[in-house]
Amino acid sequence: MNHGTYLTNDKLGYITIYPNNTFGYVSFFDTSPYLESKKKKSFIKGFLIKEQGAGTYIFDKKNIELKFTDEKTPIDSLKIEKKTNTSDSLTITILPIYNSNMLGKSELTITNEELNLDLWTTEKISFKVLKEKIPFKINTNFQAELIIDEMNDYIIKIYINTFRIRNSSNLASKKFKLSTLTYLK
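In the numbering used here, the protein residues as written are 188 to 372.
Laid out in structure tokens, this is it:
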């Protein structure tokens, strides 16, 4: 099975399969973007979500089984790159990487020793911190906390699984026949 997005047989749901054996799942009530005569770009506007969640999958030759997990944060992982810096300030770049398109802007609040970041954008955020302000704390609305305590430049990539942002409660495992799924992309 290829990684990517698959439409369910009733066209009311879709499954996005990721390389790390995880998935995202959304189903709609009466209509979906794929039942409309003209496909809409936004999944959020105009369609009522019935179930949404993420987890791990297993598949055999004929079926895929989705096992939902109750994640407390949509952050899949962080990747931090450090670069040597000899100046009196360091540059911190934060790059949120979403598994689907998100709408909105990030909100950024900086105090003397702390940055509070509301991540709702795919735009990178870059700022400088003076050497005397180290250690410096970064908090996000997705329950991630980072402490910058070395005099390096940082590129912080935050991988976010948007299917975890609004998890439906107590989702039971689901099983689909592979032959009934339509590969979209």
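Cβ coordinates follow ideal geometry from the N, Cα and C atoms, glycine included.
{"Asked": "Would you call the region 316-335 and the region 207-226 touching, i.e. three or more CB-CB distances under 8 Å?", "Found": "no"}
{"Asked": "Are the Cβ atoms of Pro261 and Asn326 separated by less than 9 Å?", "Found": "no"}
{"Asked": "According to the Cβ coordinates, are Ile204 and Ile251 closer than 9 Å?", "Found": "yes"}
{"Asked": "Identify whether Lys311 lies in helix, strand or coil by the three-state DSSP scheme.", "Found": "coil"}
{"Asked": "Comparing alpha-carbon positions, which option in Tyr221, Thr243, Thr195, Thr192 lies nearest Ser359?", "Found": "The question names Ser, but residue 359 in the sequence shown is Ala. The option with the nearest alpha carbon to Ala359 is Thr243."}
{"Asked": "Spatial neighbours of Ile267 within its chain, please: C-beta separation below 7 Å, excluding the five flanking residues on both sides.", "Found": "Tyr341, Ile343"}
{"Asked": "Work out the CA separation of Ile312 and Leu222 for me, nearest whole Å.", "Found": "37 Å"}
{"Asked": "Just verifying my parser: in three-state terms, what is the DSSP assignment at Phe350?", "Found": "helix"}
{"Asked": "With 16 as the cutoff for other CB atoms within 10 Å, does Lys361 come out buried or exposed?", "Found": "buried"}
{"Asked": "Would you tell me roughly how many angstroms separate the C-alpha atoms of Lys237 and Tyr193, rounded to the nearest one?", "Found": "17 Å"}
{"Asked": "Unbroken alpha helix (DSSP H) runs of length 4 or more, entirely within the region 229-261: which are they?", "Found": "none"}
{"Asked": "Is it right to say Tyr370 is buried, meaning 16 or more other beta carbons lie within 10 angstroms of its own, or is it exposed?", "Found": "exposed"}
{"Asked": "Kindly indicate which residue of Lys248, Lys259, Thr218, Asp275 has the alpha-carbon position closest to the one of Thr367.", "Found": "Lys248"}
{"Asked": "Since Phe314 and Ala241 are thought to touch, with beta carbons under 8 Å apart, how far apart are those beta carbons, to the nearest angstrom?", "Found": "Not quite, the Cβ-Cβ distance comes to about 31 Å (not below 8 Å), so this is no contact."}
{"Asked": "Residue range of the beta strand (DSSP E) that Lys364 falls in?", "Found": "361-364"}
{"Asked": "Find out if the Cβ-Cβ distance for the pair Ile345, Ile279 is shorter than 9 Å.", "Found": "no"}
{"Asked": "Measuring alpha carbon to alpha carbon, tell me which of Lys259, Asp257, Ser214, Lys372 ends up nearest Gln239.", "Found": "Ser214"}
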